[in-house]
Amino acid sequence: MVKKEFPYRLYLVISEEACVHHAYLKVVEQAVKGGVDLVQLREKNSCTEAFLQKAILIKNLLDQYHVPLIINDHLEVAQKVEAFGIHVGTSDIPPTQIRKNWKKVNCLGYSIEDLQQLNTQETHVADYLGISPIFNTPTKTDTIIEWGLIGIETIRATTDKPLVAIGQMNAGNAQEVIKAGANCIAVVSAICAAQNPAKAAEHLRNEIEKA
Ligand SMILES: Cc1ncc(COP(=O)(O)OP(=O)(O)O)c(N)n1
Ligand SMILES: Cc1nc(C(=O)O)sc1CCOP(=O)(O)O
Ligand SMILES: [Mg+2]
1 MVKKEFPYRL YLVISEEACV HHAYLKVVEQ AVKGGVDLVQ LREKNSCTEA FLQKAILIKN
61 LLDQYHVPLI INDHLEVAQK VEAFGIHVGT SDIPPTQIRK NWKKVNCLGY SIEDLQQLNT
121 QETHVADYLG ISPIFNTPTK TDTIIEWGLI GIETIRATTD KPLVAIGQMN AGNAQEVIKA
181 GANCIAVVSA ICAAQNPAKA AEHLRNEIEK A
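Residue numbers (UniProt numbering): 1 to 211.
Written out as structure tokens, the structure reads:
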């Protein structure tokens with residue numbers, strides 16, 4: 001595998017239902033203005049058509065800001081919208097299958113839930129690894145481990161792939177998470193539930209850059 005660049009540092013994972021104070025497209029735009037440089041659309045409860053329509057709207061918006069779009073789980077939507085990439089976990093289409101069916105995928109993310117996964121072909125073909133989760137979070141409860149900072153350090157020592165930290169990430173822990181070895185921080189609530197998504201993103205981004 002040729003190692004690709006992964007310059008992204010603040011990753012917004014968004015769904016319409018996670019957005020508390022503003023419409024999701026407004027949250028995306030404000031977040032990008034505040035410093036988000038990668039966005040994932042994660043619609044766990046939408047049918048394919050609704051997911052696709054949301055993806056088209058977000059893609060059109062993000063293209064104006066030259067910010068890449070990642071689609072969660074759904075290969076058909078990702079391909080139809082010509083997304084930058086896709087994120088999958090251990091219960092989804094395996095990364096090797098995605099490589100076979102989507103030759104032009106630019107960025108393939110894969111969730112890591114245990115250390116054994118690091119030695120698999122699925123991990124090998126991924127462009128970045130999501131450390132799933134750093135801390136338990138009410139936003140996603142079907143997780144099996146809480147990696148903590150030690151988990152980031154352990155994974156960092158094992159792989160040189162870009163590492164994305166997710167799960168209860170916020171401005172209060174962003175610096176220590178980056179210092180422990182994560183390249184990028186992914187958030188849902190810290191931006192989607194903020195009164196001011198632009199300010200929330202800016203605060204997070206500043207903490208990341210200070211680390
Ligand atoms: C950046 C990032 N990391 C991890 C996940 C979780 O993916 P997965 O384990 O497939 O769980 P769902 O998001 O599909 O519920 C993610 N989405 N993004
Ligand atoms: C989408 C997602 N994946 C996770 C994982 O552990 O794989 S945790 C998560 C949700 C993160 O939400 P918040 O920033 O609100 O804690
Ligand atoms: Mg998934």
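Just so it is clear, CB atoms sit at the ideal spot from N, CA and C, and this is done for glycine as well.
Query                                                                                                                                                 : Result
If you run the structure through DSSP and keep just helix, strand and coil, what is A78?                                                              : helix
Could you work out which residue in V28, L57 and E176 is closest to A18 when comparing CA atoms only?                                                 : V28
From this set, I86, L115, T123 and T90, which residue's C-alpha is nearest V105's C-alpha?                                                            : I86
Quick check on the DSSP output: the alpha helix (DSSP H) that includes Y65 runs from which residue to which?                                          : T48 to Y65
Within the 8 angstroms Cβ cut-off, does Q168 reach chain C?                                                                                           : Protein chains in the displayed structure number just one, and chain C is not present.
Taking the alpha carbon of K33 as the point to measure from, which residue in K44, V67 and I14 has its own alpha carbon closest?                      : V67
Assuming contact is defined by CB atoms lying nearer than 8 angstroms, are P95 and E122 in contact in what I supplied?                                : yes
Would you say the beta carbon of I166 is closer than 7 angstroms to some non-hydrogen atom of ligand 2?                                               : yes
Between which residues of its own chain and A180 is the CB-CB distance below 6 angstroms, once the five residues before and five after are set aside? : L149, I152 and E153
How many Å lie between K26 and L61 at the Cα?                                                                                                         : 10 angstroms
Buried or exposed: which applies to Q64, given that a residue is buried once 16 or more other Cβ atoms fall within 10 Å of its Cβ?                    : exposed
Give the residues whose C-beta lies closer than 5 angstroms to at least one heavy atom of ligand 3, in chain order.                                   : D73, G89 and D92
Relative to the C-alpha of L118, which residue among K44, R9 and T159 is closest?                                                                     : T159
When you compare each of G109, I166, W102 and H124 to S132 by their alpha carbons, which one comes out closest?                                       : I166
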